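First up is the structure itself, then whatever we jot down about it.
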């Protein structure tokens, strides 16, 4: 009898150890294809409280960026990774640290979309976003200077999560052919992501500047053309969004010149860039 009890004890211990090694998974998750949005406007939400994921009208590139801690430009795969939109809600199990959400998203993508990925590194041309000789000329967001300040309202009408990556609005058009970028509570990392969508190569944040800032830039329509074509929001936790609206005139300027007014500079360089390559993915997720 003593030998049997010992064997049972070892078996239970092995099962407990196996459970501890298993990657965490969402308690329950729902993925649905998102409803079409009005023409010329794209509203995306990547939010949720500490125990819940609440994403609306996201592309798989948005989710992959969050799951694997990469920028959107680092993700390569089928073109529909950008165009197809999904609503995703999921509950984090009680007692599981929200820091595990990226790992749980990876498992969810593999399960529902049969997704397979790998990483590879390539040397390529980039723009480094750096601080100019005179130093940065940035306006800290109120959420940085006032702990009681209310977070900005996103394009979906919901407050942006505190500590997120900010929100960008673009006003495009106008009689003088100008475009204006307005950012609220945005990080330099998110700003670099937005610039990557506008320019001919990735933009890497090398400013070393932390925190959230409010930015305004007037640029030429040519510089905005790339972003207007993609018409997608910036990636990342915090659910940044983007909206198109007519601009009110002003003087057109190159994005390279406009950035200098912020005490920043785009410096062309060669750098190794890591890519997340999607080898396989199904467009329609399996049923909830």
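In the working numbering, the protein residues as written are 59 to 346.
Every residue gets a Cβ at the ideal spot worked out from N, C-alpha and C, and that includes glycine.
Computed from a predicted model, the values in this text were never measured in an experiment.
- With the rule of 3 Cβ pairs closer than 8 Å, the region 130–146 counts as touching the region 87–94.
- Sorting 256, 239 and 264 by C-alpha distance to the C-alpha of residue 272 places 239 at the top.
- The beta carbon of residue 269 sits closer than 8 Å to the beta carbons of 198, 199, 202 and 245 from its chain, once the five residues preceding and following it are set aside; these are given in chain order.
- Secondary structure at residue 329: strand, using DSSP grouped into helix, strand and coil.
- Beyond the five residues adjoining it in sequence on each side, residue 343 comes within less than 6 Å, by CB distance, of 89, 170 and 171 in the same chain, given in chain order.
- In this structure, the alpha-carbon of residue 138 lies about 8 Å from that of residue 341.
- Boundaries of the beta strand (DSSP E) harbouring residue 274: 271–278, taken from the DSSP string.
- For residue 159, the closest of 173, 119, 85 and 316 by C-alpha to C-alpha distance is 85.
- In the three-state scheme derived from DSSP, where H, G and I count as helix and E and B as strand, residue 146 is classed as strand.
- Under the three-state reduction of DSSP, residue 179 is assigned to strand.
- By the Cβ test, the region 323–332 is in contact with the region 181–194, since at least three Cβ pairs between them sit closer than 8 Å.
- Residue 181 and residue 204 have their C-alpha atoms spaced approximately 42 Å apart.
- In this structure, DSSP gives residue 187 an extended state, which the three-state scheme calls strand.
- Annotation for residue 115: the continuous beta strand (DSSP E) segment containing it runs 110–116.
- Between residue 250 and residue 263, the CB-CB gap stays under 8 Å.
- In this structure, the CA atom of residue 116 is about 23 Å from the CA atom of residue 332.
- Under the DSSP assignment, residue 91 falls in the beta strand (DSSP E) whose first and last residues are 86–91.
- Residue 334 carries a strand assignment under DSSP once its states are collapsed to helix, strand and coil.
- Around residue 274, the same chain offers 240 as residues with beta carbons nearer than 6 Å, after the five sequence neighbours per side are excluded.
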